[in-house]
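Okay, structure first, notes after.
Residue numbers (our numbering), protein chains in the order written: chain A, 1 to 429; chain B, 1 to 429; chain C, 1 to 429; chain D, 1 to 429.
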């Protein structure tokens with residue numbers, strides 16, 4: 001099967017929406033540092049993980065399938081502030097200056113293009129480096145032009161567009177999103193309440209043949225209109241919402257309770273976060289989008305309809321609190337109320353002192369590299385096998401998402417093995 | 001394949017070593033209450049879990065394989081105190097009086113036989129209800145006689161012997177344990193430093209055709225001598241050490257870090273526990289046995305030899321502190337030092353307010369029922385597929401244990417499906 | 001000085017607003033049980049604390065000043081549900097049934113009078129046992145009549161009215177509250193947005209010569225109008241908001257940081273709570289009242305204007321989350337971001353698994369008994385010395401509240417000593 | 001009274017035992033940085049705290065009493081490794097390199113003298129920069145010579161000797177410590193089991209007229225022999241054991257429970273620590289010394305003999321675990337089992353992510369400066385008023401220590417006011 005995958009030759013453009021944000025600058029710095037040998041790509045599946053094959057041997061993923069080499073990546077993107085990647089990374093305060101300094105020259109040369117931005121979709125943000133356009137359609141055309149220009153200027157054969165910007169306000173799926181024709185009409189009519197800026201990026205990417213990765217929980221590419229476009233253009237789409245911290249824990253703990261047939265009566269999750277993301281989510285309209293993404297996980301795993309004695313009344317609550325003293329060093333606290341034998345109650349408290357962008361950056365890198373692989377392998381539409389990286393895995397109306405992390409990981413392994421013409425050595429792998 | 005399994009007809013004796021202890025009385029009370037419809041058997045796989053089959057349907061395990069019915073169980077056992085199960089349960093202070101009262105009459109009728117006990121193997125315990133015997137061999141013969149008498153008195157066709165007593169002191173594997181002949185010689189010569197009381201129970205059980213379950217980390221049945229005996233008699237053995245709390249969490253979190261290629265620099269685990277078990281473990285010699293059981297888990301999962309950048313220097317420490325105010329309500333606190341992208345450190349703290357016996361009781365029940373199933377299915381020797389329930393899964397010298405909870409769960413499901421002549425509907429199940 | 005205090009002879013009525021709520025039924029049950037010798041009055045200063053006197057000896061407060069005896073208390077009150085105290089206590093699920101049963105007969109005889117209630121002030125509550133009245137003035141007159149009738153029926157010489165009901169919605173101090181005349185006018189004009197139900201209770205109590213204790217953060221008695229009335233009638237008032245859990249911790253930890261000159265950059269406090277109180281506070285208008293009460297504490301202690309290098313930018317956030325699985329067993333989690341030598345950051349996390357009513361009940365008892373003492377000692381108006389028990393100590397416009405718990409405790413001790421004609425043995429006591 | 005205090009003119013030598021350790025290098029770096037204006041002396045009472053005076057005004061301590069100016073301090077000391085302060089600080093890994101660099105030149109000029117060391121008193125340490133001496137007496141004489149030489153070389157009029165080295169092994173008070181004569185005899189007879197190295201430092205300091213500060217829990221200066229010497233030479237002594245983290249919390253929380261008459265059934269304290277101190281305390285003999293220091297606190301505060309219903313059965317356990325991944329970033333975890341009204345149990349968990357040396361450094365500075373003040377004010381012997389800074393406040397056989405932090409703070413304030421001829425404006429201050 002492997003012979004059908006096009007080789008990963010030439011430069012790969014990685015165009016990041018929110019290029020100056022915490023996640024993007026951390027991704028860029030770490031990737032540049034890793035390819036210079038200054039650090040290992042800790043947390044990255046594509047760079048470090050091994051998969052067992054028929055013979056029982058474990059092979060690096062890179063050995064099994066043709067992934068773009070880190071040296072072939074060229075970073076670019078858009079941001080609402082004009083700072084170069086070095087300046088932006090210093091503002092983000094995720095990485096220590098001495099870590100930035102190792103790749104300072106390269107970072108300084110990475111400059112954002114003006115962003116497609118609409119204040120109504122992220123009221124806490126006030127950017128200065130913003131495109132003007134009469135309609136959403138025109139805005140999208142400017143983005144297509146940006147992509148083409150970037151590819152040409154940097155000699156890139158291929159590019160991936162990665163959304164690493166903030167969460168937009170919540171909107172329900174509406175008529176404008178139900179077909180490609182309806183979406184295009186709305187864009188041309190400049191329907192600014194149904195068409196978000198992120199949809200313009202996604203549409204532009206797909207039309208330019210670039211895989212699109214949605215790192216936030218925005219509706220964006222998760223609509224019939226976009227599924228249609230991605231099928232039509234043969235381009236992969238993936239997302240939504242990097243599964244980096246608290247939800248990562250949930251998709252491991254919830255399967256544990258279920259496997260052990262332990263009941264759950266409540267799950268309270270709170271977060272404190274002080275970066276730009278935290279500020280945006282302090283607006284209830286934006287938080288709504290994130291909340292929907294975070295809440296769905298548990299019910300899907302517990303299947304209360306099958307196990308009513310254990311899970312029919314799980315009270316699940318998620319809070320995110322903007323708390324500037326912490327900056328990017330997000331802290332999550334979960335309290336889980338369990339019950340066991342004879343209904344006796346127990347409690348688990350998990351306190352996760354994590355770093356938002358440190359966890360998200362390798363996920364972003366993996367989604368980019370796997371999306372590029374999928375494009376070369378001819379896999380268009382929703383990349384279900386990348387659910388592993390997402391809080392809110394995209395799925396069409398005929399399917400259910402898979403949330404259990406270890407089941408998701410089996411999907412990644414199986415897909416890689418199939419692309420490689422390989423098999424698992426046993427049902428346990 | 002199913003036709004080869006003998007049916008689960010007639011009474012099943014469940015003979016518990018440590019019949020008056022917290023785990024045993026909780027197991028007995030809950031089982032009696034569940035079969036009277038007073039409670040659900042929360043936490044029990046055999047009673048509640050479902051497994052998907054070829055057709056995609058999910059079936060209860062009881063539907064797939066012939067398990068003994070709870071109504072057919074007759075409880076008995078040995079203890080170093082003469083209290084009946086009701087009195088002992090009140091002393092244990094695990095269950096509320098109103099929960100005991102629902103099955104008070106039945107509990108009061110369950111009386112322990114005098115225990116095979118040696119103070120040198122558990123110095124913190126001072127029992128009064130103890131067998132006298134000139135040699136270990138004679139002690140074992142008294143236990144065989146007990147088993148036979150119990151089966152006859154209670155009309156039991158089959159019986160399982162379950163160790164739910166305390167952790168014995170640590171001893172290394174020595175020459176006396178290397179063959180059945182050597183063990184028998186040591187028992188006859190009354191070698192009380194090489195032959196523990198628990199070995200007498202195990203030997204007696206196997207000779208009487210009763211599966212033996214080791215719920216503590218004692219060496220006991222985990223020796224070439226006992227493997228030989230269990231093969232020779234065609235009887236299943238399983239253990240060691242119920243995986244109930246902190247280690248259960250570890251075998252879920254460690255796989256998560258590994259799957260996500262997150263590095264770990266340290267893992268500190270401490271426990272406070274105030275029951276009889278905690279008191280026994282306050283003796284360094286007994287703690288040693290438990291410590292060895294608890295420490296092995298992480299390295300096995302992380303495979304530092306394959307992933308040295310992530311796991312070569314994991315500093316792992318486990319503490320158990322006797323703390324009477326808590327009684328059976330064990331509390332575990334884990335601190336995990338992680339590192340991610342560019343080596344940046346993060347921390348996870350898990351605080352588990354659990355209940356030792358509430359978590360252990362359904363595990364004990366499942367091990368008993370599955371051991372009885374294995375016996376009827378002709379599966380002798382180490383029951384590797386029951387690793388799911390054990391902190392320290394037994395394995396011979398040619399195999400490695402599996403610690404990852406979800407891999408262990410696949411082993412359970414696969415074994416059940418094979419016994420049922422079934423298949424998984426997809427590689428994901 | 002002691003001779004001026006009237007003796008505590010005869011019955012003392014304790015009329016609780018919210019008589020069927022968790023705090024009230026816990027207070028009543030524990031008081032009845034303590035006077036029957038079934039329990040100790042743990043947590044109660046009046047019953048257990050000792051104060052050193054000039055001679056160096058430590059004496060029980062009861063020995064120093066004439067407090068009403070628990071045997072002389074007669075409980076009554078109002079509630080929006082008609083359940084007697086036994087039924088209500090079972091609904092509240094704070095105390096175990098066996099603890100209620102010790103005083104069941106007495107509890108069953110305690111019945112609430114219909115409450116003065118206005119749904120607009122607590123939208124989450126829907127009562128059925130409610131007074132009808134054309135105006136706030138008329139409502140208040142019904143309450144006066146209730147008090148008189150209760151005293152007569154129960155042979156009470158004196159009575160205290162205690163608010164142990166829910167938090168009302170937030171209202172600012174307005175013209176209607178600035179003088180007694182203005183308040184009375186508003187009551188007569190039935191100004192239902194300026195005059196809360198709790199104000200009717202307070203006004204009625206003061207006119208009847210009964211001390212009034214405000215256990216919630218309601219504006220109620222904390223207005224110039226009420227201060228005027230309490231001075232005019234010679235009746236003590238105290239409050240607001242029982243200092244029971246998280247704020248109790250704050251008023252101990254904040255002084256510690258200050259005393260040690262450790263800086264603070266942020267303080268995040270969250271709570272989960274599943275009782276009726278939690279439900280009421282789930283409404284943002286009601287939460288506002290509580291939030292104002294909880295937020296003021298820290299700034300007052302830190303004095304950022306005097307110590308700007310340490311405290312000028314403390315980011316303080318308080319959250320309360322309704323979480324039914326926990327019922328009355330409130331859980332608080334505080335994260336404090338500190339900094340020390342050379343500005344290096346540190347963190348303290350406090351997880352308080354408390355019980356709302358168990359902590360509040362002895363505070364309520366102490367405020368009742370001390371208020372009655374103050375009345376007999378001729379101390380009218382705001383009882384500043386009772387700040388010790390309150391999250392939001394009342395104070396007039398010329399004074400600052402004292403929040404530091406240990407300073408508050410000195411105020412209690414000093415007041416008691418003065419009433420007793422005693423002195424401290426040293427400046428350290 | 002102020003006129004009797006000698007002025008703080010000329011240089012003050014600060015001779016630190018353990019000059020290259022984490023606490024010492026953090027103290028030195030921060031002091032140098034603060035006097036250059038690079039940082040504030042956060043956590044230091046002498047530099048930042050204010051005390052109210054009669055007039056109600058709050059004055060800085062420096063305004064009230066003549067303290068040595070930071071600019072007049074000259075640092076020196078002894079260490080078992082020859083590294084200069086800059087190199088040693090880098091090894092300690094407490095401070096970031098950029099913070100060291102601000103005072104690099106000064107740090108590099110601070111070199112340790114060879115240490116008086118005995119491997120038997122700290123078996124985990126292996127130093128290379130060590131004095132040779134035939135007897136303890138000779139060792140002490142070498143130290144006296146060091147002090148004289150340092151003072152002369154650096155033009156210091158006065159010097160303070162500060163023990164910031166590790167905890168020595170536990171020894172009980174024995175005959176050798178009961179009088180100065182007995183101690184001197186033991187030193188001359190080279191009794192190396194009764195006379196610790198730290199005693200040689202203390203003896204040398206006192207004979208040279210230098211106040212001695214004991215920052216560890218070593219017996220050292222806390223003996224009748226040393227009290228005698230300090231009285232005889234008119235030199236202040238203070239200690240023992242910096243109260244920096246967990247015990248600081250205890251001496252605030254325990255008074256809170258007591259003030260509120262809340263009962264306590266258990267208190268479990270554990271610590272993880274990875275610095276040199278942690279390594280030394282990993283030896284049970286050394287831990288014993290620390291344990292004794294940490295355990296005494298609670299009983300002293302609770303006075304179980306006066307409040308048996310609340311505190312007669314407090315189960316108190318303290319653990320310190322060496323855990324290298326954390327280095328100096330100590331983490332403490334406390335679990336407190338409380339009970340309140342009607343005996344209902346509650347729990348408080350405190351997780352303190354602190355930094356050992358960041359907390360200890362300002363305490364060390366304050367003890368040095370206050371000891372120097374005491375010397376100039378003619379206050380010899382045990383400085384009880386400095387209990388505020390100590391886990392194990394020294395006291396003679398006729399007195400009890402005071403552990404409550406806020407009472408200790410009153411003692412500091414009162415002493416300063418008396419030295420300044422001032423009074424408190426009210427009993428509340």
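Yeah, the Cβ is synthetic: ideal placement off N, Cα and C, and Gly gets one too.
C-beta neighbour in chain B for residue i, strict 8 Å
i, result
"residue 351 of chain A", "yes"
Closer than 8 Å to chain C by CB, residue i
i, result
"residue 266 of chain A", "yes"
Proximity below 8 Å, CB of residue i to CB of residue j
i, j, result
"residue 27 of chain A", "residue 375 of chain A", "no"
"residue 17 of chain B", "residue 161 of chain B", "yes"
"residue 261 of chain C", "residue 310 of chain C", "yes"
"residue 112 of chain B", "residue 19 of chain B", "yes"
"residue 94 of chain D", "residue 328 of chain D", "yes"
"residue 169 of chain D", "residue 125 of chain D", "no"
"residue 100 of chain A", "residue 29 of chain A", "yes"
"residue 268 of chain C", "residue 120 of chain A", "no"
"residue 11 of chain A", "residue 157 of chain A", "yes"
"residue 273 of chain C", "residue 225 of chain C", "no"
Option nearest residue i by Cα separation, candidates the options
i, options, result
"residue 35 of chain A", "A:125, A:71, A:13 and A:16", "A:71"
"residue 22 of chain A", "A:250, A:33 and A:86", "A:86"
"residue 416 of chain A", "A:53, A:347, A:298 and A:77", "A:53"
"residue 357 of chain D", "D:151, D:278 and D:249", "D:278"
"residue 60 of chain B", "B:362, B:45, B:73 and B:69", "B:45"
"residue 13 of chain C", "C:387, C:395 and C:372", "C:372"
Minimum Cβ-Cβ distance from residue i to chain E less than 8 Å
i, result
"residue 260 of chain D", "Here the protein chains are A, B, C and D, and chain E is not one of them."
Chain D within 8 Å of residue i, Cβ atoms only
i, result
"residue 363 of chain B", "no"
"residue 299 of chain C", "no"
Residue burial classification, residue i (beta-carbon count within 10 angstroms, cutoff 16)
i, result
"residue 427 of chain C", "exposed"
"residue 400 of chain C", "exposed"
- Task: Check distances from the C-beta atoms of the segment 312 to 343 of chain C to those of chain D and list, in chain order, the residues that come in under 7 Å.
- Result: 339, 340, 341, 342 and 343
- Message: So if I threshold CB-CB distances at 9 Å, which residues from the segment 270 to 286 of chain B count as touching chain D?
- Response: 270, 272 and 274
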